[in-house]
Amino acid sequence: MTKPVPNPAKPRLTTSAMIASIASEGQRTQAAPFGTALVELAKTRPDIIGMTADLGKYTDLHLFGQAYPDRYYQMGMAEQLLFGAASGLAAEGFVPFATTYAVFATRRAYDFIHQTIAEEDRNVKIVCALPGLTSGYGPSHQAAEDLALMRAMPNMTVIDPCDACEITQVVPAMAAHQGPVYMRLLRGQVPLVLDEYNYTFELGKAKMIRGGRDVLFISTGLMTMRALEAAKQLESDKIDAAVLHVPTIKPLDVETILKEAQQTGRMVVVAENHTVVGGLGEAVARHMMLNGVAAKFRHIGLPDAFLAAGALPTLHDRYGISTQAVVDQMKAWQA
Amino acid sequence: MSNLKGHNRELAERAYRVRRNAVLMGEVQGQGYIAQALDIADVLAVAYFHAMTYRPEDPEWEGRDRFLLSNGHYAIALYSALIEAGIIPAEELESYGCDESRLPMSGMAAYTPGMEMSGGSLGVGMSIAVGMALGLKRKKSSSRVYILFSDGELDEGAVWEALMSAAHYKLDNLIAIVDVNNQQADGPSTQVMAFEPLVQKLEAFGWFTQRIDGNDLDAVVDAFDAAKDHGEAKPRIIIADTLMGKGVPFLEAREKNHFIRVDAHEWQLALAALEEGRRA
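Below, the structure is given as structure tokens:
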């Protein structure tokens, strides 16, 4: 990947914000879709409880805490305790939504999630902010490998929603699903994109968002909105790109992915806000190989490296997951 | 033993039978965590035949007291108690640790009736116990959560996270027992990582704390009674100092007895030693 050349004329962006909005300028947004949806759902689901490890405000769970103070557990800055206690509450029939940052759930508390939740198939919903590269704070807060870790865990359902429209739908769906779920959370002012496409989330289903003859983007999470923006821009270059959105990373909708990937003549481009190791790209490639589906294959994802601190737009450009970077890569590959 | 109070004499017989079950299971594998089973048998006898409420025919009965085994390698001890309690049929004893058995060497919730959590990864049980105790309070249940863990687990930071939170949430329905037998994988626990003074630490963490000889049945009974009856809104913990291999003198005398191998002829000697202790 070629790094963009610094432009002295461009004003330097503020660096290293721990939490930054991923919304681009002028983009429509919705505030705190997760917290809002959970408050709404909890009206009819008294078994739902909220738990956090000192990150209620930063995972939008504080809205739930304000609405239902007697159903909200502050576990302190102790992620292992958070997930072990969530397992205990699930054992007693409750449905805990446990929140923290993705790095702390997947890296610090992995064994607790593995042993007390996944191995016992406990009905715990793990909701994690700052997934992939959504913080400019440096590797301590950049969960570039969270999908790889969570999809390697048996019994775990893994969801990477694109926008506020989808998060609002994922919350009741994950509550209705019996078993542990890991959801990547976009919090604060979250972009609204998929409502324009009459999108409906279904657990375990990939959805075609737009058709196209030259390229098939297979994307997840916020990369679907980047793929959609890139596809629009590529129209002027006579590149017709389809976008298949794959919000459920596990279980993977292999049937739909293969059906779309085997349409001849389209370059398959997997785009994910995640390291190229162990995420959607490798999963899609595996199933294409196993099923003899041959296509030109490209992979947009984060490098296998400790990422830099800095302003998020700068980092998304540098590591190839901004809309412009996607467009530039596509033009090079389609040239 | 002869000076035990009446009911406690019955408990001594239960403890004998728990030990005997453990030795018989040990013989199936020829090795294992026998010394721990022997040291904790008195505590388990008091838990299952004095302190706890449960229905042997319905191990998942909602009104039961929950017993969490955090130190999953003590499964041999808990199976011995669950067999004695009628929760596991006695004939399964000879399947211990074998293929297709419901009694794996390390406790797993999905395998065994009466096993409330999957152990093996030491230090996770206390946080589950906190969640269960919170859940029981939410349900306004009068059931309690009992959790057994080991002195070696005190090395794990997450145990202290959970200890702190149990006091924060005033979990007076939580009774923990820590088995201080001063042995862990690499040697004496106090040498591996100094954890004393334990009473002061646990009291400072906000727990109603008792320290007893965990092989003195009268003391164990009194400690469980006091833990249940204590009036303050605090979690309760019993520090049980125990002797590895208790009841089998040649196992008590072994220096490294965390995971012991026993020669084929010694199992009968072990059973004979237990029988001798029973008659004494």
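If you read the sequences in order, they're chains U and C.
Mapping to the numbering used here: the first sequence position 227 is 227, numbers consecutive.
Mapping to the numbering used here: the second sequence position 120 is 120, numbers consecutive.
Using N, Cα and C, we set each Cβ at its ideal position, and we do this for glycine too.
Taking a beta-carbon distance threshold of 8 Å, Leu136/C counts as an interface residue toward chain U. Burial is judged here by how many other beta carbons sit within 10 angstroms of a residue's own beta carbon; Leu82/U has at least 16 and is buried. Contacts between Ala86/U and chain C, judged by CB atoms closer than 8 Å, involve Gly131 in chain order. Closer than 8 Å to the CB of Val124/C there is at least one CB belonging to chain U. Put simply, the CB of Leu222/U is far from chain C, with every gap to its CB atoms at 8 Å or more.
The beta-carbon separation of Asp214/U and Met174/U, rounded to 35 Å, does not stay under the 8 Å limit for a contact.
Here the alpha carbons of Pro56/C and Tyr68/U stand approximately 38 Å from one another.
A Cβ-Cβ contact shorter than 8 Å links Asp186/C with Val192/C. DSSP places Asp179/C within a strand segment (E or B) once states are collapsed to three. The beta carbon of Ile237/C sits no closer than 8 Å to any beta carbon of chain U. Below the 8 Å Cβ cutoff, chain U contributes Gly84, Ala85, Ser87, Gly88, Ala91 and Thr116 as neighbours of Ile128/C, in chain order. Chain-ordered, the chain U residues with CB closer than 8 Å to the CB of Lys139/C read Glu92 and Gly93. Here the region 150 to 164 of chain C lies against the region 111 to 130 of chain C, with 3 or more beta-carbon pairs under 8 Å apart. Against Ser150/C, chain U offers no close residue; the least beta-carbon distance is about 16 Å (beta-carbon pairs closer than 9 Å). At least one CB atom of chain C sits nearer than 8 Å to the CB of Phe112/U.
Residue burial is scored here from C-beta neighbours: His114/U has at least 16 other C-beta atoms within 10 angstroms and is therefore classed as buried. Pairing Leu280/U with Thr224/U gives a Cβ-Cβ distance that is not under 8 Å. In chain order, Val276 place their CB closer than 8 Å to the CB of Glu282/U, counting only its own chain and leaving out the 5 sequence neighbours on each side. In the three-state reduction of the DSSP assignment, Lys57/U falls in the helix class, which pools H, G and I. Counting only runs of 4+ residues, the alpha helix (DSSP H) found wholly inside the region 70 to 127 of chain U occupies 79 to 91, in chain order. Ala85/U is positioned such that its CB atom lies no closer than 8 Å to that of Arg187/U. Contact between the region 286 to 293 of chain U and the region 310 to 320 of chain U is absent: fewer than three C-beta pairs spanning the two stretches fall below 8 Å.
With respect to chain C, the C-beta atom of Gly50/U has no partner C-beta closer than 8 Å. DSSP, reduced to helix, strand and coil, places Ser70/C outside both helices and strands of the structure shown, so it counts as coil. By the 16-neighbour rule on beta-carbons within 10 angstroms, Met115/C is buried. Inclusion of Pro161/U and Ala143/U in the CB contact set at 8 Å is not warranted, their separation being larger than that value.
The Cβ neighbour count for His7/C, taken over all protein chains shown within 10 Å, is under 16; the residue is labelled exposed. For Met267/U, the three-state secondary structure derived from DSSP is strand. For Cys98/C, the number of other beta carbons within 10 angstroms of its own is below 16, and it is reported as exposed.
When Cβ-Cβ separations below 8 Å define contact, Ser121/C makes contact with chain U. Neighbours of Gly76/U in chain C, taken as residues at a C-beta separation under 8 Å, are given in chain order as Glu161, Met164, Ser165 and His168. Close CB contacts of Gln169/U within its chain, under the 6 Å cut and outside five residues either way in sequence, are with Phe201 (chain order). Under a 10 Å Cβ-count criterion, Ala240/C is classified as buried, with 16 or more other Cβ atoms of the shown protein chains found around its own Cβ.
Annotation for Gly135/C: no residue places its beta carbon closer than 8 Å to its own, counting only its chain and skipping 5 residues before and after. In its chain, beyond the 5 residues on either side, Phe49 have a beta carbon closer than 8 Å to the beta carbon of Glu10/C.
Not flagged as an interface residue toward chain U: Ser106/C, since no C-beta distance is shorter than 8 Å.
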